[in-house]
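Using the working numbering, the first residue of the sequence shown is number 25, and each one after it goes up by one.
Don't be surprised by glycine CBs; every beta carbon is placed ideally from N, CA and C.
Note that the coordinates shown come from a computational prediction; the quantities given were computed from them, not determined experimentally.
Following: one structure in structure tokens, then a few remarks.
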Amino acid sequence: MPTLNEMTNLLFGDGEPMQGATFTLEEAIEQAKTYATHKPFRIVRDWIWADLDVGEKIALDLESRGTNPVMVYAHEVMYDSTSRFEPGNWVRTTPLIRFTPPGFFETRNTVYVLIGEGKRKTTSLDAIMSIH
Numbered sequence: 025m026p027t028l029n030e031m032t033n034l035l036f037g038d039g040e041p042m043q044g045a046t047f048t049l050e051e052a053i054e055q056a057k058t059y060a061t062h063k064p065f066r067i068v069r070d071w072i073w074a075d076l077d078v079g080e081k082i083a084l085d086l087e088s089r090g091t092n093p094v095m096v097y098a099h100e101v102m103y104d105s106t107s108r109f110e111p112g113n114w115v116r117t118t119p120l121i122r123f124t125p126p127g128f129f130e131t132r133n134t135v136y137v138l139i140g141e142g143k144r145k146t147t148s149l150d151a152i153m154s155i156h
């Protein structure tokens with residue numbers, strides 16, 4: 025179980041600055057429609073790129089599934105093509121399949137467009153999965 029300090033650091037602590045896409049919301053929606061022709065998409069901002077500090081066994085398991093030990097937590101959903109998440113809600117992705125600059129973070133089921141500057145951090149799988 026992650027500590028309160030670990031959770032606070034993950035959600036609100038400093039991280040390495042990382043630049044996402046500089047699209048307006050309207051531009052991001054149009055770009056996502058072009059990029060994600062076969063998947064739903066979400067436009068997010070105030071995001072955290074979370075490199076997962078996992079053991080070798082979990083890393084190999086993720087790799088065997090075609091994913092990487094990286095997830096994104098976004099404090100704010102700006103747009104969701106499926107309307108599952110309302111604007112202003114937070115969202116956590118599943119593991120990364122592919123990242124395409126300037127900000128297309130693709131998981132098995134969804135494409136996330138990372139808008140603006142985010143933070144890159146290393147955290148445990150337990151910590152990021154503890155966010156409810």
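Relative to the alpha-carbon of residue i, which residue among the options has its alpha-carbon at the smallest distance?
i           : options          : result
residue 49  : 149, 69, 148, 87 : 69
residue 59  : 137, 92, 39      : 137
residue 112 : 120, 101, 119    : 101
residue 131 : 93, 46, 55       : 93
Are the Cβ atoms of residue i and residue j separated by less than 8 Å?
i           : j           : result
residue 81  : residue 133 : no
residue 144 : residue 73  : yes
residue 154 : residue 42  : no
residue 65  : residue 135 : yes
residue 128 : residue 96  : no
residue 44  : residue 140 : yes
Run the CB neighbour count on residue i, radius 10 Å, all protein chains shown included, and call it buried at 16 or more, exposed below.
i           : result
residue 79  : exposed
residue 104 : buried
residue 117 : buried
Please report how far the alpha carbon of residue i lies from the alpha carbon of residue j, in whole angstroms.
i           : j           : result
residue 33  : residue 75  : 14 Å
residue 106 : residue 67  : 11 Å
residue 146 : residue 119 : 14 Å
residue 27  : residue 87  : 28 Å
- Any alpha helix (DSSP H) of 4 or more consecutive residues that is wholly inside the region 48-111: Restricting attention to alpha helix (DSSP H) runs no shorter than 4 residues, the region 48-111 encloses them at 49-59, 80-88, ordered along the chain.
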